[in-house]
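Participant: Quick one: the structure is below, questions incoming.
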Amino acid sequence: MRELELCVLCGGPKSGFRPFMEKSGYKIVRCAACSLVFVNPRDEAAALLSQYGDNRSSPAAYYEATAGEDRQNALKILEIVNKHCGKGEILDVGCNVGTFLESARDKGWKPQGVDANPQAIAACAKKGIRAAKGFFGEEKIAELDRQTFDLISMNDTLEHFQDPKEVLRQAGAHLKPGGGISLLTPNLESFLARMFQIKPKEHLFYFSLATLSKMLQETGFKVLHAAEWSRRRNVGAMHLGASFENPLWASVSKFLQISRLDGIVNVALEAMFREQIYILAKKA
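Each step along the sequence shown adds one to the number in the numbering used here, with nothing skipped, and position 26 is 26.
Structure below.
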């Protein structure tokens, strides 16, 4: 296990880390100085990376099953992006099977992805989308060396990184002057996110609008749009996710799928809960 001695966001010492909760044998703490919440200690880097490479975490089959809902979410994001950013080259970090990039391509963007899951890379190739294999910002990816983009997107990705602040710095280095970054991540302030998105084996950081905005500002970005919102989900497919640990909820998910009630529940959840944070920022 690896333990952080300093807060990634503010640099505060471990003595200022306060217990937040425990889950699945992992301790989650909150920095008293800046309120960032994170897993500490966490698994070693090799173990963290391996769960993506062998398709255990964020499995490709789950994202193929949720492609319809993910496409709706992508269009919602792209509507905001296209109001603030000129179209051009986009890099989707954690692109998985390429649903977001397909939608971006339909809207006039030139798509490229990066993901640590080889099954996801293969799925992108079948859709005619170029995707590099690797963990952006945490290992060297030759295909991305010296490349710059007009937009970098990370949809439910930033929370997986061992050092999200460094990843944002790396993103800035891969953006053209005035380029944008589009971030979607679980909302720590949401009851629904706390129930389903506290996954300490893979989600290492938990953000609020305040902590994520501060991290962006400290890594050279200016926030253009920030909101708490809900994304369309496919509750009937949730049991396909390897990280969906609770057997009771997995059974509920299967029942909703079989009974064809999942569509109604999807709409209700989207209307009731703001379980996500969305921020669009620009390289300063």
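The beta carbon of each residue, even a glycine, is placed where N, CA and C say it ideally should be.
(1) Please report how far the alpha carbon of A32 lies from the alpha carbon of A281, in whole angstroms.
(2) For I279, which three-state DSSP category applies?
(3) Identify the residues that DSSP records as bridge partners of F38: which are they?
(4) Three or more C-beta pairs closer than 8 Å, one from the region 147-156 and one from the region 187-195: is that the case here?
(5) At the level of alpha carbons, what is the spacing between K222 and K214?
(6) Tell me which residues share the same chain as M21 and place their Cβ nearer than 6 Å to its Cβ, disregarding the 5 neighbours each side in the sequence.
(7) State the DSSP-derived secondary structure class of A213, mapped to helix, strand or coil.
(8) Do the CB positions of Q119 and A171 come within less than 7 Å of each other?
(9) Helix, strand or coil: how does DSSP classify M154 here?
(10) Return the residue from the list K83, H84, I121 that minimises the CA-CA distance to L101.
(11) Kindly indicate the opening and closing residues of the beta strand (DSSP E) around D163.
(12) Taking C-alpha atoms, which residue in G108, P200, A74, C7 lies nearest to S24?
(13) Looking at C-alpha atoms only, which residue of L204, E159, T185, L49 is the closest neighbour of W229?
(14) Using only the alpha-carbon positions, how far apart do R231 and N73 sit?
(15) Output the distance between the C-alpha atoms of K107 and F17, rounded to the nearest integer angstrom.
(16) By a C-beta neighbour count over all protein chains shown, 10 Å radius and 16 as the cutoff for buried, is R146 buried or exposed?
(17) Does the distance from the CB of T211 to the CB of R169 come in under 7 Å?
(18) Output the boundary residues of the alpha helix (DSSP H) element that contains L144.
(19) Verify whether the separation of the beta carbon atoms of L209 and R42 is less than 7 Å.
(20) If distances are taken between C-alpha atoms only, which option among L36, A227, G128, A46 comes closest to R2?
(21) Considering Cα atoms alone, identify which of R71, E275, H225 is closest to K83.
(22) If you run the structure through DSSP and keep just helix, strand and coil, what is F135?
(23) Looking at the strands, I want to know which residues DSSP matches up with Q112.
(24) What are the residues that DSSP puts in a beta bridge with M21?
(25) Quick check on the DSSP output: the alpha helix (DSSP H) that includes K83 runs from which residue to which?
(26) Assign G16 to one of three DSSP states: helix, strand, or coil.
Facilitator: Per the coordinate set shown:
(1) 26 Å
(2) strand
(3) V29, F205
(4) no
(5) 10 Å
(6) I28
(7) According to the sequence provided, residue 213 is Ser. The question's Ala does not apply to it. If DSSP states are grouped into helix, strand and coil, S213 belongs with the helices.
(8) no
(9) strand
(10) I121
(11) Counting along the chain, D163 falls outside any beta strand (DSSP E), and DSSP gives it neither H nor E.
(12) P200
(13) T185
(14) 6 Å
(15) 44 Å
(16) exposed
(17) no
(18) Careful: L144 lies outside any alpha helix (DSSP H) and carries neither H nor E.
(19) no
(20) A46
(21) H225
(22) coil
(23) L91, R130
(24) I28
(25) 67-84
(26) helix
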